[in-house]
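Below is one structure, written out as structure tokens, with a few remarks after it.
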Amino acid sequence: MAKGFYISKNMGLAGLLMGAAAVVIIIALAAVYDKEKTKNQNIPVDGVTVLTTASPDTISTISTPKDPWEHYRLPDSLSPVSYNITLWPRLVVNASTGLYIFTGQSAVVFQCEKDTDLIVIHCNKLNLTLLDGHHARLTGLDGATAPNVKTSWLQVKTEYLVIQLNGKLAAGKSYRLSTDFQGELADDLKGFYRSEYTEDGVKKVVATSQMQATFARKAFPCFDEPAMKAVFHITLIHQRGTVALSNGRDVETVNTTIDGTEVTMTRFEPTKRMSTYLLAFIVSDFAHITGSIENDNVLVRIWARRKAIAEGHGHYALNVTGPMLKFFERYYNASYPLSKSDQIALPDFNAGAMENWGLITYRETALLYDPAISSVGNKERVLTVVAHELAHMWFGNLVTLRWWNDLWLNEGFASYVEYLGADYAEPTWNIKEQIILNDVHKVFAVDALASSHPLSRKEEEVNQPDEISEMFNTISYSKAISYSKVLYVLEHLLQQGSPCSRPSPTARFSMFQNISYSK
Numbered sequence: 367m368a369k370g371f372y373i374s375k376n377m378g379l380a381g382l383l384m385g386a387a388a389v390v391i392i393i394a395l396a397a398v399y400d401k402e403k404t405k406n407q408n409i410p411v412d413g414v415t416v417l418t419t420a421s422p423d424t425i426s427t428i429s430t431p432k433d434p435w436e437h438y439r440l441p442d443s444l445s446p447v448s449y450n451i452t453l454w455p456r457l458v459v460n461a462s463t464g465l466y467i468f469t470g471q472s473a474v475v476f477q478c479e480k481d482t483d484l485i486v487i488h489c490n491k492l493n494l495t496l497l498d499g500h501h502a503r504l505t506g507l508d509g510a511t512a513p514n515v516k517t518s519w520l521q522v523k524t525e526y527l528v529i530q531l532n533g534k535l536a537a538g539k540s541y542r543l544s545t546d547f548q549g550e551l552a553d554d555l556k557g558f559y560r561s562e563y564t565e566d567g568v569k570k571v572v573a574t575s576q577m578q579a580t581f582a583r584k585a586f587p588c589f590d591e592p593a594m595k596a597v598f599h600i601t602l603i604h605q606r607g608t609v610a611l612s613n614g615r616d617v618e619t620v621n622t623t624i625d626g627t628e629v630t631m632t633r634f635e636p637t638k639r640m641s642t643y644l645l646a647f648i649v650s651d652f653a654h655i656t657g658s659i660e661n662d663n664v665l666v667r668i669w670a671r672r673k674a675i676a677e678g679h680g681h682y683a684l685n686v687t688g689p690m691l692k693f694f695e696r697y698y699n700a701s702y703p704l705s706k707s708d709q710i711a712l713p714d715f716n717a718g719a720m721e722n723w724g725l726i727t728y729r730e731t732a733l734l735y736d737p738a739i740s741s742v743g744n745k746e747r748v749l750t751v752v753a754h755e756l757a758h759m760w761f762g763n764l765v766t767l768r769w770w771n772d773l774w775l776n777e778g779f780a781s782y783v784e785y786l787g788a789d790y791a792e793p794t795w796n797i798k799e800q801i802i803l804n805d806v807h808k809v810f811a812v813d814a815l816a817s818s819h820p821l822s823r824k825e826e827e828v829n830q831p832d833e834i835s836e837m838f839n840t841i842s843y844s845k846a847i848s849y850s851k852v853l854y855v856l857e858h859l860l861q862q863g864s865p866c867s868r869p870s871p872t873a874r875f876s877m878f879q880n881i882s883y884s885k
């Protein structure tokens with residue numbers, strides 16, 4: 367018998383029926399798909415209209431216009447000139463709320479760049495007191511007439527105070543916007559916050575601040591973008607027996623009584639024109655040691671817990687600060703621009719340090735050095751972190767990034783020249799040779815990950831606060847320092863035959879100003 371495979375008549379008939387049913391189902395599904403496709407050709411989804419094209423694989427999107435307060439970037443119609451800010455942090459729990467709080471008043475003078483009937487200013491987690499029935503009061507200056515406020519509200523998602531006016535602000539005119547507010551002095555390490563520590567069995571509270579990158583708006587209403595520079599007039603009201611610090615030197619300290627509470631009021635000299643993220647306010651009972659920059663009338667102080675200062679933990683930082691400031695003055699060919707340089711070690715601090723102009727804040731481990739128990743590695747960390755922050759006093763503070771997508775340039779250059787400043791202060795350490803070990807090798811592993819990103823991004827890719835925070839990573843610091851090192855070496859190689867034409871550090875400083883920085 368011939369070999370083969372056979373099926374019965376009944377099985378063959380069943381197969382034909384199943385095949386026919388499958389064809390019918392496919393035809394029905396195709397008809398349903400075509401109907402739904404036609405019905406859904408123009409469907410708005412989350413404010414975006416999706417339009418199908420001839421190719422089913424191609425979809426184009428057209429964004430519908432959004433109101434200015436729905437954007438994470440400020441409109442370009444207003445620019446700040448100066449702020450007058452008074453803050454009163456309470457270092458004891460408020461009896462009615464059970465919270466630590468602060469109260470404040472702010473008056474920002476701004477210039478109108480384009481005619482507009484809208485004021486959009488950053489404000490986050492502040493309870494605003496109603497003034498004349500609205501969240502703020504507007505006043506015209508130098509003969510300008512301020513339109514009445516039509517309505518005002520807080521736009522929580524984008525962290526704005528929005529003020530709609532009955533008329534338009536006039537381009538070229540100046541106005542003042544005043545607010546009264548209350549906020550929580552929380553322990554979240556952001557904005558104006560609370561730090562706690564115990565010394566000799568006694569709990570103590572410090573009111574301190576961290577504004578970078580988007581937290582100044584949590585301390586007072588402001589135009590909280592780095593390019594929106596202004597002059598700041600700061601006054602701090604604080605508990606008797608405590609000391610208040612800010613970016614400038616204190617120019618007036620008086621004891622007074624407010625609502626039956628005995629307080630001290632400290633007023634500071636106006637700041638240089640600067641960004642909001644460089645502001646700092648601190649109230650504590652800390653002690654300090656004092657030095658100065660050679661041949662300059664610049665006050666240098668190290669602040670810390672009283673016990674740490676008494677035990678000499680701030681002396682090393684003080685001893686290297688003066689020489690490194692002089693080195694950077696020569697390197698940048700520009701004098702230190704402020705009248706003082708305060709550096710303070712905080713018990714609770716999120717970053718390693720922060721380059722607030724004139725009042726640099728540190729973790730205790732990044733500023734304090736105990737020669738009795740600390741290692742040489744601890745000493746090196748203090749040296750390099752202090753050098754990094756002092757380098758920022760010129761590059762980052764005097765000239766400042768326009769937007770956070772160029773953070774790599776700010777941090778990469780400072781991370782490179784920190785080694786130059788540290789090498790000047792400790793010439794026998796050969797610390798410049800450690801760039802490869804400390805930064806280049808480290809970033810190789812990080813840069814190989816799928817989560818890595820280019821050094822610089824487009825501005826529109828870095829808008830929301832979370833997106834800005836993500837820029838503060840190893841790529842922006844260690845990869846950028848490698849890039850800065852390559853540029854420096856390449857410059858020397860290319861110009862060996864013409865030493866007279868080799869750009870000075872000042873020329874490089876000016877070059878970076880023109881790339882992406884604002885004065």
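Just so we're aligned: the sequence shown equals residues 367 to 885 in this note's numbering. Beta carbons: idealized from backbone N, C-alpha and C, even for Gly.
Anyone know if the C-beta pair for residue i and residue j falls short of 9 Å?
i: T704; j: N613; result: Contrary to the premise, residue 704 reads as Leu rather than Thr in this sequence. Result yes, Cβ atoms of L704 and N613 sit closer than 9 Å.
i: A585; j: G549; result: yes
i: A552; j: L465; result: yes
i: L444; j: E479; result: yes
i: E746; j: I726; result: no
i: L520; j: L494; result: yes
i: T630; j: H604; result: yes
i: A653; j: I675; result: yes
i: T511; j: E436; result: no
i: R729; j: A738; result: no
i: Q477; j: I451; result: no
i: A791; j: P689; result: yes
i: H679; j: E721; result: no
i: E635; j: R606; result: no
i: N716; j: T731; result: no
i: L691; j: V649; result: no
i: P831; j: M594; result: no
On the premise that residue j lies in contact with residue i, defined as a C-beta separation below 8 Å, what is that separation, rounded to the nearest angstrom?
i: L644; j: N763; result: 6 Å
i: F647; j: G787; result: The Cβ separation is near 27 Å, so there is no contact.
i: M577; j: T642; result: 6 Å
i: V686; j: L611; result: Contact doesn't hold; Cβ gap of about 21 Å is too wide.
i: R503; j: S544; result: 5 Å
i: W769; j: E825; result: 5 Å
i: E799; j: A753; result: The Cβ separation is near 15 Å, so there is no contact.
i: Y702; j: D662; result: 7 Å
Return the residue from the list the options that minimises the CA-CA distance to residue i.
i: T542; options: T623, Y682, P513; result: Sequence inspection shows Arg at residue 542; the Thr mentioned does not correspond to that position. Looking at the Cα atoms, P513 is the closest of the given residues.
i: V522; options: I600, T545, Y438, G557; result: Y438
i: Q709; options: T505, H681, P820, R696; result: H681
i: S658; options: I801, D651, E635, S707; result: S707
i: A473; options: T505, Y563, L484; result: T505
i: V666; options: F810, D554, L684; result: L684
i: R456; options: K808, V783, T608; result: T608
i: L767; options: A717, S822, G724, L815; result: S822
i: D508; options: G538, L815, A757; result: G538
i: W774; options: T601, H819, N699; result: H819
i: M640; options: N744, F761, I467, W669; result: F761
i: N771; options: I801, S462, A811, V828; result: V828
i: I467; options: E660, L484, K491, T482; result: K491
i: L484; options: E660, Y526, D651; result: Y526
i: Y559; options: W723, S575, D442; result: S575
Just to confirm my understanding: we take residue i, look at its own chain, exclude 5 residues before and 5 after, and list those with CB closer than 6 Å. What are they?
i: T469; result: W454, Q548
i: S448; result: V475, A596, V597
i: E618; result: R633
i: V528; result: W435, V486, W519, Q521
i: T517; result: Q530
I'd like the list of long-range same chain contacts for residue i, defined as Cβ closer than 7 Å, with 5 residues on each side in sequence excluded.
i: V458; result: none
i: S864; result: Annotation note: pLDDT 41 at S864 (below 50); position unreliable, coordinate value reported separately. So the list is empty, once near-sequence residues are dropped.
i: Q862; result: Note that Q862 has pLDDT 49, beneath the 50 cutoff, so the model's placement of it is unreliable and no number is given.
i: L860; result: Residue confidence for L860 is low, a pLDDT of 41 falling below 50, so the modelled location carries little weight and cannot support an answer.
For residue i, I'd like the list of residues in its chain whose CB is within less than 8 Å of its CB, leaving aside the five on either flank, ordered along the chain.
i: E565; result: R671, R672, K673
i: E562; result: D553, K569, K570, V571, V572, P713, D714
i: A582; result: H488, G557, C588, D590, T642, Y643, L645
i: I334; result: Since the displayed the chain opens at 367 and closes at 885, residue 334 lies outside it and no answer follows.
Whole runs of the beta strand (DSSP E) within the region 709-738, excluding any shorter than 3 residues: 725-729
Length-filtered (4 minimum) alpha helix (DSSP H) runs lying within the region 740-790: 742-758
Every unbroken beta strand (DSSP E) within the region 529-562, with a cutoff of 3 residues, ordered by chain: 540-550
Contained beta strand (DSSP E) runs [length at least 3] in the region 458-493, N- to C-terminal order: 467-478, 482-488
Start-end ranges of the beta strand (DSSP E) lying completely within the region 640-669, minimum 3 residues: 647-650, 653-658
Complete runs of the alpha helix (DSSP H) confined to the region 803-831 [at least 4 residues]: 807-813
Ranges of the alpha helix (DSSP H) found wholly within the region 665-694, counting only runs of at least 4: 672-676
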